[in-house]
Amino acid sequence: MKVSLNWLSDYVDIDDLSVDEIVDKLTTSGLEVDEVIDEAKNFENIVVGLVKEVNKHPNADRLSVCTVTDGEQDYQVICGAPNVAPGQKTAFAKVGAYLPAVNITLKKAKIRGVESFGMLCAEDELGISDNHEGIMVLNEDAPVGAPLSDVLNKNDVILDIAITPNRADALSHTGIARDIAALFNKKLKIPEVNLTESETAVDELAKVVVENVQDCPRYVAKVITGVTIKDSPGWLKRKLTAVGLRPINNVVDATNFVLYELGQPLHAFDLDKLSGSTIIVKNAEEGYKFTTLDSKVRELKATDLMICDAEKPVAIAGIMGGENSEVSNDTKNILIESAYFNPSAIRKTAKRLGLSTDASYRFERGCNPEITVFAAERVAALIQETAGGDIAKGNIDVYPNEIKRPVISLRFSRLNKILGFEIEPGKVKSIFETLEFNVVATDTEKVTVEIPLFRHDLEREIDLIEEVARIYGFEKIPPVDKIQVALEKKIDQTSFNGKVRNYLTALGFYEIITNSLLKEETAEYFGKAIPVLNPQSIEMTHARTSLIPGILSTIERNIRVKERNLKIFEIGHTFEMKSGKEIESFDDLKELDKLTFAVTGKRETGVWYSKDTEFDFYDVVGAADELFEKLRIENKLTDEYVLEPDDVFEFRLIKKYKEEKIATGGKVKGGLLKKFDINQAVYLFDVNLDALRSIKTEELKFNELLKFPKVVRDFAFVFDKDILYESVVKEIYKSSSKLLKKIKLFDIFESDSLGRNKKSMAFQLEYYDENRTLTEEEIEKEFWKTIEHIKKKLNGELRG
Amino acid sequence: MENQINNVVNQFEQDLKEVKDLKQLEEIRIKFFSRNGLFAKLFDDFKKLPKEEKPKYGQLLNSVKKESQQKFDELKKKLSGQAQKYEKFIDLSLPGRKHTIGSKHILIQTIEEISDIFKGLGFSIYVGPELESDANNFEALNFPDDHPARDMQDTFFVNENFLLRTHTSPVQIRLMKEKQPPIRAIMPGKVYRNEAISAKSYCLFHQIEGLYVDTDVTFAELKGTLVYFAKMLFGENVKYRFRSSFFPFTEPSAEVDIWWQPKGKEGRWLEILGCGMVDPNVLENVGIDSEKYTGYAFGMGVERMAMLKYGINDIRVFFDNDFRFLSQF
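If you read the sequences in order, they're chains A and B. Mapping of the first sequence onto the numbering used here: residues 1 to 800, in sequence order. Mapping of the second sequence onto the numbering used here: residues 1001 to 1329, in sequence order.
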């Protein structure tokens, strides 16, 4: 909310305070000042200039060479405005002036060969209106050389304050003034209203019926007859424009003034347009189409609270008036509404209609039911001052159930327990008093206060503790310099993922973090995706069902910047629908912690010690093996090999724990890569971290170092090409005793000499016994037994 | 005889001049100094000389051979020194064989750095789901239904009761429901806000939540803990302020600013985190006696911290995953 310091000074004396002091105190006490706009700053080096002489520019028909004085010195200024004339007083921007409206800093310039020392400004160039008809001509009595800001009354400082939703009371100048008074120990000055009312009682002119008291606890109306609608006086316009409002006419401006002064939204109806001169506050007819002031047709619901006359709705309560009862230039008689509406009712309607107004913004945060009469009188007096007319005697005040002020006690011991710091009871009481809380009782243990109804945020003891702390000042509460730690088990639920990250980075992978929101087509490709009700764009409509799209878009993005060789991984959550269509409980969805790592491009490129080689399937398999080995679960997993493509892979390796799929790796199929505009091979592994984490590993135990020598034997076999490495290993183990401890495949090749669809595989077998040295004979026996077994079982042919 | 001797010496010196390497030198040795070499031949001839001429030529022959041998040895020494130099030469300036350690994402590194500070203070670390219930994300945290406080966080809804969590605070609720005090934990993770993507905001970011509930938790302790944290992360001399604010789930609530002084630019206060004493309503919502226990909570944006620390001014760069960015950390 924009707050004018000039306006604020009507309610609290701030002459002795600097802008910085005010900004600092307001900000630290909870009214955060986002921006300070010093109006005069925009008029620096701009003064009232007197045009002494105007001559034609020798080289340009449309330009004039003017002599302008600031009272001390004459300046030659080139001017293009048709209206420039000798004797005029005008806005003269000197060299060095900055004009924010047009973003120009004035320098000495040569214009068509003639020097110019400044500029005579039009209103739009000064940012005070859109007028660009000619230079701004000032009143004759403007003192030559005076700062333009003084002449135009642009010497205000505007604070843009971010008001948190709990502080509805601070949405007005008196509200801010109240906090300043409390913070600087000053007195709040509420304006006095002296009403001159006519003989005619208000009841004779209008009637108010509140049918929905729940949503409209109080409705105050005042009537003014015989007004003249016209422009507001300058002082009123200035106040409104200072806080960013557009002046409309004297009646509307008066209601806006009181809104920004007291925080009470008001509405002025053209009384003659109210059928039966009656106001009925009731709920709308379901489906009724109502045209609001902004000429938009709104469809209503039966839960919307409406202001109606005897026949029809005339305003959406607390949000916006209707076109049908709007104050126009011909309006003579007006009815002022000053009501208190239920915050939640207003919010529901405003939200549904997507309509946020100054009024609804305040009503939904909570206005002050105690100020309605005062606000109505204040605005009536103002209207009379600016629009004439007679104020009917008295108020209509429908307030069937008076809202009681809450009474709350604060225990001093509790205050100290929460803050960890002692604040003296006397100080506590004086803080409450400056905030206008009535101290109703006090003793050595507690203080009891009655809370005025403008503070909707104060209901409990803790709320009072916050008030004390914020006005006293958080900076005065000393931080502790030691803490106590409970000696209990500490848990780190991120440690497993931390390990995975450490291992993968050690293996040379770089971590990425991608958007979890994907477009529908992509998300649906990998699973039953969960849509977002209110997406930002069609690119981000569904929660991701897989990390693979993020990996692929990252690869595509990097290829575009010529980073073609990548080893990357992402750890993150994926989301899928589990059962039906609608998510009613957590059981209906599956949120998984996943890991995907991928390689693409070349292993190493442009190095002196080796030729470039492309990544292949075995790079991701090797990384997976090492990762699972380090996590000590590799030996618990079984592998399954699939040569047929699925949606993602051309071929794949599935790692399972018991029956559960833990990880799938393979070559990403071309069709999928094409969707991501990738034209190089990508190999990846997709891992379910939740499943991985839940596998129990044995405690890590030391294996005794070997005391006896190991014996090594090699052999090479020629097999049919489709014999799996894994089956050879299995058969070797099957035919061996426990003495065989390790098998290494150290060579594999195909060649014409082997024959078509044949391959050669060379193995090294490692034998040992923990307790003795093995004899040559037993190894030979064992080794040949294996060879014979392989020959027979796998139809292998021994090569050597 | 004298001519013969001079011829051999001249020939030797001529040959020696042309020697380039040890191999050629060895040929010279064979030619001149071997058993059948030219010097040996001179000695054979010398033996055949008449007795009276022997003393004269013997002296000469001995001295020239010695001289030549010396020259030969010198050259050999020189050449073998040279040979050794090249034989043992290694270009130590060649770039090494490449070993690449990858890297964790800078946001993860930042989370780890912050986590380490709090681990040192006895905090545990918990995580929770990103797709949350409205009950955990808002209701239990004292955001009443239809209250403007809900407008503080633009929410991606899945339906009326489920949403993408807007903060890590629902993990507090999960934790407090699960465990009785004392509870001292931080809770890092992804959160989502339905805000237009720009240099300043992205539809998701990372937060670290902190919670401490016990019998004597005070605002002064919250302040001390966070001041310590700010000093650890931003340096011992960090200038800070606690400023009153509003969060539905804490009261009193505060925001912490640090004074940010970029070189050659105007300094300013920058918000780094929000905090406060756990609202009694929140404790009661999870079945903790708010009269007996008090607590504090805080939450910070990881991106913001990383942007400050590393001088990054566009949040989108974290999620672009350009390798030229990733490989810097």
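No residue lacks a Cβ here, since even glycine has one placed at the ideal position from N, Cα and C.
Inter-residue Cα distance where the pair is residue i and residue j
i, j, result
"G1224(B)", "F586(A)", "38 Å"
"L566(A)", "I512(A)", "11 Å"
"K744(A)", "V1227(B)", "57 Å"
"L854(A)", "F43(A)", "Residue 854(A) lies beyond the residue range present for chain A, which begins at 1 and ends at 800; the question has no answer from this structure."
"S579(A)", "K661(A)", "20 Å"
"I408(A)", "A162(A)", "28 Å"
"F269(A)", "A315(A)", "9 Å"
"A182(A)", "E433(A)", "9 Å"
"L353(A)", "D309(A)", "22 Å"
"T1168(B)", "F1157(B)", "16 Å"
"F509(A)", "E520(A)", "29 Å"
"G145(A)", "A93(A)", "11 Å"
"S1093(B)", "F615(A)", "29 Å"
"S275(A)", "G321(A)", "15 Å"
"S344(A)", "N250(A)", "32 Å"
"V449(A)", "G1276(B)", "24 Å"
"S1253(B)", "E582(A)", "37 Å"
"S360(A)", "T255(A)", "14 Å"
"E1236(B)", "K710(A)", "59 Å"
"Y1360(B)", "G670(A)", "A question about residue 1360(B) goes unanswered here, because the residues of chain B that appear run from 1001 up to 1329."
"L533(A)", "L382(A)", "48 Å"
"H789(A)", "L643(A)", "28 Å"
"K1078(B)", "F1043(B)", "29 Å"
"F746(A)", "P1095(B)", "30 Å"
"I1101(B)", "I732(A)", "37 Å"
Inter-residue CB distance, residue i and residue j (contact presumed, cutoff 8 Å)
i, j, result
"L148(A)", "I46(A)", "4 Å"
"E726(A)", "D639(A)", "7 Å"
"A1230(B)", "L1107(B)", "19 Å between Cβ atoms; not a contact."
"D804(A)", "D593(A)", "Nothing about residue 804(A) can be reported from this structure: the residues present for chain A run from 1 to 800 only."
"M306(A)", "A339(A)", "With a Cβ gap of about 12 Å, M306(A) and A339(A) do not count as contacting."
"N395(A)", "V220(A)", "6 Å"
"N131(A)", "A122(A)", "7 Å"
"V33(A)", "L159(A)", "5 Å"
"G80(A)", "L63(A)", "5 Å"
"H1222(B)", "I1173(B)", "For clarity, residue 1222(B) is Leu in the given sequence; the question names His instead. At roughly 19 Å, the Cβ-Cβ gap does not stay under 8 Å, so L1222(B) and I1173(B) are not in contact."
"E370(A)", "H267(A)", "Contact flag wrong, Cβ pair sits at about 19 Å."
"I1272(B)", "R1304(B)", "7 Å"
Counted within 10 angstroms of its Cβ, other Cβ atoms place residue i as buried (16 or more) or exposed
i, result
"W784(A)", "exposed"
"T775(A)", "exposed"
"W7(A)", "buried"
"H1099(B)", "exposed"
"R756(A)", "exposed"
"F1242(B)", "buried"
"D1289(B)", "exposed"
Positions along the stretch 47 to 64 of chain A whose CB lies within less than 9 Å of some CB in chain B:
Going along the stretch 47 to 64 of chain A in chain order, one finds no residue with a Cβ nearer than 9 Å to chain B.
Residues of the stretch 416 to 429 of chain A with Cβ closer than 9 Å to any Cβ of chain B, in chain order:
From the stretch 416 to 429 of chain A, only N416, K417, I418, L419, G420, F421 have a Cβ closer than 9 Å to chain B.
Would you say the stretch 1163 to 1171 of chain B touches the stretch 1125 to 1140 of chain B, given that touching needs at least three Cβ pairs under 8 Å?
yes
Contact set between the stretch 212 to 242 of chain A and chain B, restricted to residues whose Cβ is under 9 Å from the partner
none
Determine which residues of the stretch 586 to 614 of chain A have a Cβ less than 8 Å from any Cβ of chain B, and write them out in chain order.
So the close ones are F586, L589, E591, E604, V607, W608, Y609.
So if I threshold CB-CB distances at 7 Å, which residues from the stretch 1120 to 1132 of chain B count as touching chain A?
L1121, G1122, S1124, I1125, Y1126, V1127, P1129, E1130, L1131
What residues in the stretch 512 to 545 of chain A bring their beta carbon closer than 8 Å to a beta carbon of chain B?
I512, I513, T514, N515, S516, L517, I530, P531, V532, L533, N534, P535, Q536, M540, A543
Measuring CB atoms only, is the stretch 611 to 631 of chain A touching the stretch 650 to 667 of chain A, in the sense that at least three cross pairs come out at less than 8 Å?
yes
Under 8 Å, with one C-beta from each stretch per pair, do the stretch 192 to 208 of chain A and the stretch 379 to 393 of chain A reach the 3-pair mark?
yes
What residues from the stretch 126 to 144 of chain A come within 7 Å of chain B, judged by C-beta to C-beta, listed N to C?
none
Determine which residues of the stretch 560 to 580 of chain A have a Cβ less than 7 Å from any Cβ of chain B, and write them out in chain order.
V561, E563, L566, K567, H573, F575
Could you list the residues in the stretch 28 to 41 of chain A with a C-beta less than 9 Å from some C-beta on chain B, going in chain order?
When C-beta distances to chain B are compared with 9 Å, the residues of the stretch 28 to 41 of chain A below that value are T28, S29, G30, L31, E32, in chain order.
Inter-stretch contact (C-beta, 8 Å, three-pair minimum) for the stretch 1191 to 1203 of chain B and the stretch 1310 to 1328 of chain B:
yes
The stretch 1252 to 1271 of chain B: which residues have C-beta closer than 7 Å to a C-beta of chain A, in chain order?
The stretch 1252 to 1271 of chain B vs chain A, Cβ under 7 Å: P1252, A1254.
Indicate whether the contact test is met: 3 or more Cβ pairs, each with one atom in the stretch 718 to 725 of chain A and one in the stretch 679 to 690 of chain A, closer than 8 Å.
no
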